[in-house]
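Worksheet: the structure to be examined is printed underneath.
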Amino acid sequence: MLHDIKTRAVSLAALLVSTATFVLPADSRADDARSLSLQSGGEPVHIVSSCPPDPGWFPHAQTPPANDAGFKGGSACDFHKWAWQTFLWLTQDDGSGQPRFLSFPSPQDLGKPVGMEKSIPLFLPRTIKSKTGSPVDEIAQAGSGGLLIDRQGRAVYYSQHIDPTYVDFIRSNQLTSRNAIDAFSPTTPFPVGTKELKISWKIATPEEAASGRFFTIRAQIAALRHDANGKIVADPTRPIAETLALVGFHVVGTVAGHPEMIWATFEHEDNAPDLTVNEPTPEMIVSRRDWTFYQAYTPYSECNVNAGKKLMLNETTQKLSPITQACQLHPFGVDPQPASPMEAGNRRAIVDLDRGVRARLSREGGVWSHYFESGAIWFKDGSQLKPGLGLADDTLLAGSLKLANTTMETFTQEAADTQNCFRCHNTLSFQGGPPNMDLDISHAFIGYFFSLGEKNDAKK
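Sequential numbering of the sequence shown, starting at -4, is according to our numbering.
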């Protein structure tokens, strides 16, 4: 999940998960945690939950921040509750008329004087996750260097944000140059309370913008063009004003006992259909209706195909083809038919908590009831974090072991070496990157490290 710079690397009865294998009916939104179960009068159906939300989180306008320093983590539910509470706090109006996360700077602002950070960055699509040491820009976040294209033919854009704790840590330790980073203690992790966010945005259609189902903003995006070699690149010198709709949200943060960070992700309920079997046939129809990133009756064989060099761009209209047919291969970060008690228990915790939170948000009104947590992953024992961890298998990991956001890891859901966050986000050094150190676990830190190199090159 949360792949970035390094390439290494839900009928309600069905929700009452046992350890037995089960199959969700194809295309049954009511069987999915993303859909609220409401009676005709609009009141939620009462279901005993294995992981209920805390009453103190509501109303949304009064959600307190999670107690990062007092985190216990005795069950999977605890980790998912941290994720939801943090998401609620981040999306809460901070008094400016906008959600709190939009006030956070981007990693690229770390080198700027205090007070000079941008509150909202220029939005970019994203290019290849690199382990070569070459500069990395913001195109192709969907994984494997691929651009995610919506059904209107527009690229999905991304933004990154870091919280004040992150900023203060970098600045107080004077990690403002590659030399300073090279000399920093490799076993010093980010402090408790550090958060970094990655958010995916689609260019909203007029219908989406007026629907009341998406959080939208008006923002500048970088236009796409062809470079001298015919490659599609982002051009920050050609900003375009667009209405953007939030479709994906990575919440990553450190809590007591877990310096490796809890890696959680949220999606809009209309993004893409879930696979319902572990071994689909190529001709299997994944869904019979349209989704934001999937056209009805598209077969499984056409899911998550990276068009690569076959992608065509009209620079005038900014439209691309072919469009991407996105599908969620591992709903809630587990196989569609989970067999192990751990997988089933983790899935039930997510599903129950999603249902509980979204029922409360639905009663309050607003857009945020249309988003759901699709999973989270963490270390079984946070003390195992150390420099040089490649995390090529799941020995140290717990939670949603096949976690992927359909808007940010679209093309990396099948490969074992990119099947969850820690495959790409670990502490193993790579060519051109920082040395083996605990801070390498942060995708924002790696990006910041590369930006320091770009700045130095510009001075030569």
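Where a beta carbon is used, it is the ideal one built from N, C-alpha and C, also for glycine. The model shown is predicted, which means the values in this text are computed figures rather than measured ones.
- Label R213 either buried or exposed according to how many other C-beta atoms from any shown protein chain fall within 10 Å of its C-beta, with 16 as the threshold for buried. Looking at its Cβ environment, which holds fewer than 16 other Cβ atoms inside 10 Å, R213 is exposed.
- DSSP state of F440 mapped onto helix, strand, coil: helix
- Item | Inter-stretch contact (C-beta, 8 Å, three-pair minimum) for the stretch 193 to 201 and the stretch 234 to 250 | These segments touch.
- Query: Would the stretch 356 to 367 and the stretch 261 to 275 be scored as touching if the rule is three or more Cβ pairs under 8 Å?
  - Reply: Touching, yes.
- Task: Go through its chain and collect everything with a Cβ distance to F374's Cβ below 8 Å, but skip five positions before and after it.
- Result: For F374, where only same-chain residues beyond five positions count, the Cβ hits under 8 Å are H253, E255, L380, L391, L392 and A393.
- Message: In this structure, how does DSSP classify Q80 when only helix, strand and coil are distinguished?
- Response: Judged by DSSP in its simplified three-state form, Q80 adopts helix.
- Item | R173, enclosing alpha helix (DSSP H) - first and last residue | From DSSP, the alpha helix (DSSP H) with R173 extends over R173 to A178.
- Task: May I have the straight-line CA-CA distance separating G51 from P59, to the nearest angstrom?
- Result: 8 Å
- Query: For Y462, which residues does DSSP report across the bridge?
  - Reply: Residue numbering for the chain in the displayed model covers -4 to 455; residue 462 lies beyond these limits and cannot be assessed.
- Report the residue from K76, H55 and G69 whose alpha carbon sits nearest the alpha carbon of D88. H55
- From P429 to D177, what distance separates their C-alpha atoms? 7 Å
- Please confirm if A439 has its CB atom under 8 Å from at least one CB of chain C. Reference to chain C is not applicable here, since this structure consists of a single protein chain.
- Does the separation of the CB atoms of K314 and R146 fall below 8 Å? no
- Are there 16 or more other CB atoms within 10 angstroms of the CB of V18, so buried, or fewer, so exposed? A caution first: V18 carries a pLDDT of 33, below 50, which makes its placement in the model unreliable, though a value can still be read off. Under this definition V18 is an exposed residue.
- Message: In whole angstroms, give me the CA-to-CA distance for F74 and A223.
- Response: 47 Å
- Item | Segment contact flag, the stretch 156 to 164 with the stretch 89 to 100, C-beta cutoff 8 Å, min 3 pairs | yes
- Query: Thinking C-alpha only, which one of L85, P47, G303 and Q103 is nearest I227?
  - Reply: G303
- R213 - DSSP class collapsed to helix/strand/coil: DSSP places R213 in strand when its eight states are reduced to three.
- Query: Can you give the beta carbon distance from L239 to I280, rounded, assuming they're within the 8 Å contact cut?
  - Reply: Their Cβ separation, rounded to whole angstroms, is 31 Å, which puts L239 and I280 out of contact at 8 Å.
- Express the C-alpha separation of A291 and R283 in angstroms, rounding to a whole number. About 5 Å.
- Message: Give me the residue from D433, T401, Q80 and M432 with the minimum Cα distance to W286.
- Response: T401
- Query: What number of angstroms, rounded off, separates the C-alpha of F82 from the C-alpha of F53?
  - Reply: 13 Å
- Item | Exposed unless 16 or more other CB atoms sit within 10 angstroms - verdict on P333 | buried
- For the alpha helix (DSSP H) containing S164, list its first residue and its last residue. In the sequence under discussion, the amino acid at residue 164 is Phe, which differs from the Ser named in the question. Note, F164: alpha helix (DSSP H), P159 to S167.
- Message: Is it buried or exposed, G69, if we count other Cβ atoms within 10 angstroms and call 16 or more buried?
- Response: exposed
- Item | Where H325 sits in the DSSP three-state scheme | coil
- Message: Per the DSSP calculation, K314 is bridged to which residue(s)?
- Response: N309
- Determine the burial state of T189: buried for a count of at least 16 other Cβ atoms within 10 Å of its Cβ, exposed for fewer. Buried, by the Cβ-count rule.
- Task: Can you tell me which of R350, I436, T311 and R355 puts its alpha carbon nearest to the alpha carbon of T183?
- Result: I436
- Do T276 and Y295 have their C-beta atoms within less than 8 Å of each other? The beta carbons of T276 and Y295 sit closer together than 8 Å.
- Query: Counting along the chain, where does the beta strand (DSSP E) carrying G351 start and finish?
  - Reply: Where G351 is concerned, there is no enclosing beta strand (DSSP E), although the alpha helix (DSSP H) it sits in stretches over P336 to E359.
- Item | Minimum length 3: unbroken beta strand (DSSP E) runs contained in the stretch 184 to 242 | 190 to 198 and 211 to 221
- Sorted by chain position, which residues of the same chain lie with C-beta nearer than 6 Å to L308's C-beta, five sequence neighbours on each side aside? L219, I227 and L315
- With a threshold of 16 other CB atoms inside 10 Å of the CB of Q57, please say whether the residue is buried or exposed. Looking at its Cβ environment, which holds fewer than 16 other Cβ atoms inside 10 Å, Q57 is exposed.
- Query: Shortest alpha-carbon distance to G442 belongs to which of P94, P47, G106 and S91?
  - Reply: G106
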